[in-house]
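Numbering (my numbering), first residue to last: 24 to 266. Where a beta carbon is used, it is the ideal one built from N, C-alpha and C, also for glycine.
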Amino acid sequence: MKHIYNNILQSVSVGKKLLAVLIDPDKFHLSNTEIFIKKVNESIATHIFVGGSEVDDKATEVLVNALKKYTHLPIVLFPGDVTQITDKADALLFLSLISGRNPEYLIGKHIQSVSKLEVTNLEIIPTGYILIENGKETAVQRVTDTKPLPREHVDYIADTAKAGELLGMKLIYLEAGSGAIHPVTTEIITLVKGKLRVPLIVGGGIRTKLQIENAYKAGADLVVIGTAFEEDESFFDSLKKKT
Ligand code: 1GP
24 MKHIYNNILQ SVSVGKKLLA VLIDPDKFHL SNTEIFIKKV NESIATHIFV GGSEVDDKAT
84 EVLVNALKKY THLPIVLFPG DVTQITDKAD ALLFLSLISG RNPEYLIGKH IQSVSKLEVT
144 NLEIIPTGYI LIENGKETAV QRVTDTKPLP REHVDYIADT AKAGELLGMK LIYLEAGSGA
204 IHPVTTEIIT LVKGKLRVPL IVGGGIRTKL QIENAYKAGA DLVVIGTAFE EDESFFDSLK
264 KKT
């Protein structure tokens, strides 16, 4: 499969909003795969993202194989580290943490991953990843040893996103961090979206249907939700596909 990015562009061009369910291999119980994925398949979710900040070697591949048995949704790696790259998925967000100033997460990990990527069929999607302060320290912040951008520095956040696009990144991801207290504000989303030509992903701390709708209205093209589904699978009931 090499058409995931083009399908995102296509959706954005007709105003169709996208939803990714994020599954962290470190937190997910494999025995629950069939039941969980049935709910995903019945919901408005369009993508499955797989990744986490700290994941055991091989856990990603085992999970992706298990998911593939039960869904045709595209599975996109959202890796916290090189060890999470597996050919079994369909695509990879090749994330550069452009809000931070840690060279390892701007380019170092990417160089380390080349020998792996050269022998995969993954669709590689360069993505500018921007961590925004949310009220508490998140795993991304700790693992990458970077500071998030202050949420009141809206213009700086928007310029960071635009710089990522001008560097050739094909997606921009505004991240409040998994389990964030405060999701990315609609003010930030609107300003960033106004500057960008590439699709905009927003995630971190989104727990209600209203928050999803507000993010879409502000300009998010794809919303990512992990924790809310992990904590309460009945959340899927409010996001059922219309038949
Ligand atoms: C985290 O943006 C994702 O990387 C999703 O965050 O787990 O808070 O939904 P949540």
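- Bounds of any alpha helix (DSSP H) do not take in L145, whose DSSP letter is neither H nor E.
- Taking a 10 Å sphere around the C-beta of I212, we find 16 or more other C-beta atoms and assign the residue as buried.
- For I155, the closest C-alpha among the options V207, I121, V37 and L140 is that of V207.
- DSSP places L118 inside the beta strand (DSSP E), whose first and last residues are A114 to L120.
- Under the 10 Å beta carbon count, H95 is surrounded by fewer than 16 other beta carbons and is classified as exposed.
- Residues close to ligand 1 by the beta carbon criterion (under 6 Å to any non-hydrogen atom) are, from first to last along the chain, L45, E198, S201, G202, A203, G226, G227, G228, I229, V247, I248, G249, T250 and A251.
- Annotated as proximal: G200 and V163, with beta-carbon spacing under 7 Å.
- By the criterion of a C-beta distance shorter than 6 Å, S261 is surrounded in its chain by K232, once the five residues flanking it on both sides are discounted.
- By the CB criterion at 7 Å, A243 and L223 fall inside the cutoff.
- Annotation for A238: the continuous alpha helix (DSSP H) segment containing it runs K232 to A241.
- Residue range T250 to E254 is occupied by the alpha helix (DSSP H) that includes A251.
- The continuous beta strand (DSSP E) containing F72 extends over residues H70 to V73.
- Looking from the CA of E57, the closest CA among K92, S136 and V142 belongs to K92.
- Here L190 is not near V221, since their CB atoms are 7 Å or more apart.
- In the DSSP assignment, I195 falls within the beta strand (DSSP E) that extends over L194 to E198.
- Cβ contact annotation for K40 (same chain, cutoff 8 Å, sequence separation greater than five): S34, Y239, A243, D244, L245 and V246, in chain order.
- Nearest neighbour of N157 by Cα position, chosen from L214, F51, Q234 and H205, turns out to be H205.
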